[in-house]
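Residue numbers (our numbering): 8 to 354.
C-beta: ideal position from N, C-alpha, C; glycine also.
Please read the structure below before turning to the comments.
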Ligand code: 5AD
């Protein structure tokens, strides 16, 4: 498999068959070699720095009913909340004080947050924090909405494709959601000028290695600036409650592949990875990830933003959360930095 790893590092692309072959041969020497190359490439582009993003979970209302997600519309047990504009701005003020220079506003697809309401919040944030990056993660919207948010000051948008296989997409999402529309949104975001993040869950129900090879091919073609990748974790109040979680092993393997495919990629070591393993986020960084996203949401709503069971950091204040991560990164020889860390093209 070494020749495939070399080819990936040199040319930054493989065929679908080659990605599949790599995924099928994850023996210890292959994994070690892949990780070693990924860490070397990461070092070349980012040294030992880890970027930090302050995550603000704005609303857990959602009009969608994705089978895997704890805040799906059909979950009657979810305690719903929405932050007010004032609460969101308070999170930013606290975050700025703590050194965050990227704010990520994330939420379910909540019709309450109309274009007017969101654009108004964004303008205020942009005015108050001209030196900060603003990332949005509010799912699928019209091209016109995306344009409005961009004009109001948003710079980045996260929208995971979840799976690049239309049939598998259908197994995870009921109508009217489709992979095709999801992809249209992603291309629209890119055209507007956002730094765009996509991604998928590892080990989602029904997922095969062939699907993952397709995911890698899609990412190779789309060339996102960011990729969000975490293990699937079941949520007790969903149809997939009894399904097994994704593994640290496969997730970190994929992080390494992505680092070689797009060397300057912004690649978070996710909360989901930290949830299935006490050192999951460290393992993600040591596989080639370079971003961490501590939670800036008010502690009072943390537990309600439960996409999956046993999510970590639901009881900590933002300051503790960030300090904890800084210490963890230091302990493995990495340094959390406050720069806003935009995607910079390779010259
Ligand atoms: N396990 C892991 N990740 C999940 N997400 C949603 N539900 C789960 C789950 N049960 C991820 C999706 C979504 C992101 C915000 O969270 O990939 O895009």
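(1) Using 8 angstroms as the threshold, is the C-beta distance between residue 222 and residue 185 below it?
(2) Sorry if obvious, but does the Cβ on residue 116 come closer than 7 angstroms to a heavy atom of the ligand 5AD?
(3) If you scan the segment 28-100 from start to end, which runs of the alpha helix (DSSP H) of 4 or more residues do you find wholly inside it?
(4) Less than 8 angstroms between the CB atoms is what I'm expecting for residue 291 and residue 277, so what's the real figure, rounded?
(5) Under the criterion of a Cβ to heavy atom distance below 7 angstroms, does residue 187 qualify as lining the ligand 5AD?
(6) Quick one: grab the DSSP three-state call for residue 345.
(7) Can you check DSSP and say which residues form a bridge with residue 204?
(8) Within the continuous alpha helix (DSSP H) that includes residue 278, where are the two ends?
(9) Going straight from the alpha carbon of residue 13 to that of residue 106, what length do you get?
(10) From the DSSP output, read off the bridge partner residues of residue 141.
(11) Suppose the cutoff is 6 angstroms on Cβ atoms and the five residues either side in sequence are ignored; what does the same chain contact list for residue 20 look like?
(12) Residues around the ligand 5AD, please: the condition is that the C-beta lies closer than 6 angstroms to some non-hydrogen atom of it.
(13) Can we say the segment 60-70 touches the segment 107-119, given the rule of at least three CB pairs closer than 8 angstroms?
(14) List the endpoints of the continuous alpha helix (DSSP H) containing residue 158.
(15) Compare the C-alpha of residue 347 against each of 103, 85 and 79 and name the closest.
(16) Would you tell me roughly how many angstroms separate the C-alpha atoms of residue 50 and residue 77, rounded to the nearest one?
(17) Does DSSP classify residue 179 as helix, strand or coil?
(18) Smallest Cα separation from residue 108: which of 197, 140 and 120?
(19) So, is residue 142 buried or exposed, given that buried needs 16 or more other C-beta atoms within 10 angstroms?
(20) Taking 7 angstroms as the cut-off, is the C-beta of residue 319 nearer than that to any heavy atom in the ligand ATP?
(21) Is it a yes or a no for the segment 41-59 touching the segment 88-104, going by three-plus beta-carbon pairs under 8 angstroms?
(22) For residue 275, write down the residues that DSSP places opposite it in a beta bridge.
(23) Between the Cα of residue 149 and the Cα atoms of 190, 213, 129 and 93, which residue gives the shortest distance?
(24) Since residue 82 contacts residue 244 with CB under 8 angstroms, what's their CB separation in whole angstroms?
(25) Within 10 angstroms of the Cβ of residue 318, are there 16 or more other Cβ atoms? Answer buried if so, exposed if not.
The answer reads as follows:
(1) no
(2) no
(3) 35-53
(4) 7 angstroms
(5) no
(6) coil
(7) 165 and 233
(8) 278-283
(9) 38 angstroms
(10) For residue 141, the pairing in a beta bridge is given by DSSP as 110.
(11) 227
(12) 75, 76, 167, 169, 208, 237, 239, 240, 242, 279, 314 and 315
(13) yes
(14) 150-158
(15) 103
(16) 36 angstroms
(17) If DSSP states are grouped into helix, strand and coil, residue 179 belongs with the helices.
(18) 140
(19) buried
(20) No copy of the ligand ATP appears in this structure; the ligands present are the ligand 5AD.
(21) The segment 41-59 and the segment 88-104 do not touch, with fewer than 3 CB-CB distances between them shorter than 8 angstroms.
(22) 298
(23) The option with the nearest alpha carbon to residue 149 is 190.
(24) 5 angstroms
(25) buried
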